[in-house]
Structure formats: structure tokens, C-alpha cells
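For the sequence shown, the working numbering begins at 6 and goes up steadily by one.
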Amino acid sequence: MQIFGVDIGGSGIKGAPVDLERGDLAQERHKVLTPQPSTPDGVADGVREVVRHFDWTGPVGVTFPGVVTGGSTVRTAANVDKSWIGVDAAALLSERLDGLPVTVLNDADAAGVAEMRGGAGRGRTGTVIMLTFGTGIGSALFTDGHLVPNTELGHLELHGHDAEKRASTKAKEDHDLSWEHWARRVQKYLTHVEMLFSPELFIIGGGISRKAHKFLPLIEGVRAEMVPAELRNNAGIVGAAMRVSASGKAPAPAGDDGDDGAEGWAEPEGLA
């Protein structure tokens, strides 16, 4: 079966139908630029454009670059317009999509769910942390396959700054950092996160993960295994669709028994 996933980012809004059995896009994704300023109404229009591109009429899962509680309410908005804070994003987007049911979750959480289900974290137990490097740094924390939502580890303080201001892809581009220089910053950040959480595995995601060979080998002193995300920059789209299925707004894929264990299909009860 297919569910539609949309990934809202600081620079782009992209989406596509997702084949839940395969855990990947069913069609080539469609992308539009995130409006500036990235107000709720402007972004909602962008989401509508993406969904209408496919003439989609079913449930929609949407990622948001900030804390989202209860599958709908935005609590933080570090990399989009601050007017998002307090907005019922699910209600706004559902209205803009002519009443289609919408589930909203943190963007890195969605990417992590996808990677744990059918990507680099598949079958892994213990503590796994996915980090998405882009406009900011998103994070998804799993313990024995269960998601602890809205961790936002990109905002940990590192040398007096939000870590994402120093080690995000945007920071690399804004300051024209070499791969070596940027890798040292990422190394300091990973070392700090490792000290706090002692993960067995770091999954490195975001668009820059397709160039992981240029910086991961330069990172030293991190004990945890480090691997690039397998779904790359499509992980958010896929995870958003998976979350819709897990929320009960759409039936689970054939053969899935609803278990939310080590494959990261859904949050444990009480953490949705």
C-alpha cells in the first residue's frame, strides 16, 4: 500500500507517495522552495502544491523542523518563521488539503523511523542516534528500537553556541569550510553527544550524507559506529508516511503485526 509523505525543510518542501512494503518512494519526489518568510500560510501553500502535483486523495504524513507534540502542535521553530509556534499544524494542513487527514511529526524523528525500519538501523538494538545535517542539525534517539521523540540535540551548547550554528551543513556553506575543517567541528559535536548518551551507532543523514566518504573517514575519537543513512534525503518523506500507518489513520502494510519493536515502525505507547 501507499501513503503520502511530505518533508518540510528550511530551504525546500518535498514529497511523494511511499510504498510501505518496500520502505521507499513509489514515485519520483516533487519539490518546491520553502517560501521566505516561511510562515504557516506560505508553507501550507507549498505543501498543497506538492500533494496536488500527484492528485493525492488519501492520508498524508508531514515532517516539521521543530518540536511537534500530539501529532499536531508546533512547540519550536528554529529554522522556520517563529509564527509557527503554537500552531496546530495538522489542522492547518488538513484544511489546506481539502480535509485530507494529516499527521505531523519532527523531521529528524521521521527520518530516524525510516532508517530504523528499513535502512542503516534495521535490526539494531541498544542506543541508536540519527543526526540529520542540513539547515540545522536534527536528531532522533532510539533505545532498543523505540523512539524518544523531539530530542532536538542540534541545540546542545557547544563552545558557547548552539551546535547546529557550528556544525550544520549550512554552517559549512556559510563559512566556506573545507571538508577537513568541517569534519573537526562535526567530530567535536559527535564526541559531546556520545559523552551524554553512549550510543552504539550514529546514523548520519541529511542531504550531505551522500558525500559521507568525504568527511566520515576524517572523524576520529568517536567510539560508536558511524554510518551514512541509506535512504539519504528521502528518509523524512518515508518516515512521515510510516508514521501515518503507525498512528492508525491508515492500515499497516500486509504482514505487519503492529509491533513497534526493534525495527522502529512506531513510537511506544504514550510517546506518540
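C-beta: ideal position from N, C-alpha, C; glycine also. Here the structure is a predicted model, which is why all the values come from computation and not from measurement.
Per DSSP, Gly128 has no beta-bridge partner at all. By DSSP's assignment, Phe9 forms a beta bridge with Pro22 and Val65. Between Val48 and Gly20, the C-beta spacing is not below 7 Å.
Scanning Leu195, Trp61 and Phe138 for the CA closest to the CA of Lys216 turns up Phe138.
In the structure shown, Glu54 adopts helical secondary structure according to DSSP, grouped into three states. Between the beta-carbon of Val79 and that of Val73 there is about 6 Å, and that keeps the pair under the 8 Å contact cut.
A distance of 7 Å or more separates the beta carbons of Glu199 and Val243. Counting along the chain, the unbroken alpha helix (DSSP H) around Gly241 starts and ends at Ala240 to Ser252.
Around the C-beta of Ser214, 16 or more other C-beta atoms lie within 10 Å, and the residue is accordingly described as buried. In the DSSP assignment, Phe138 forms a beta bridge with Ile142. Of the residues assessed, Trp89 falls on the buried side of the cut-off, its CB having 16 or more other CB atoms within 10 angstroms.
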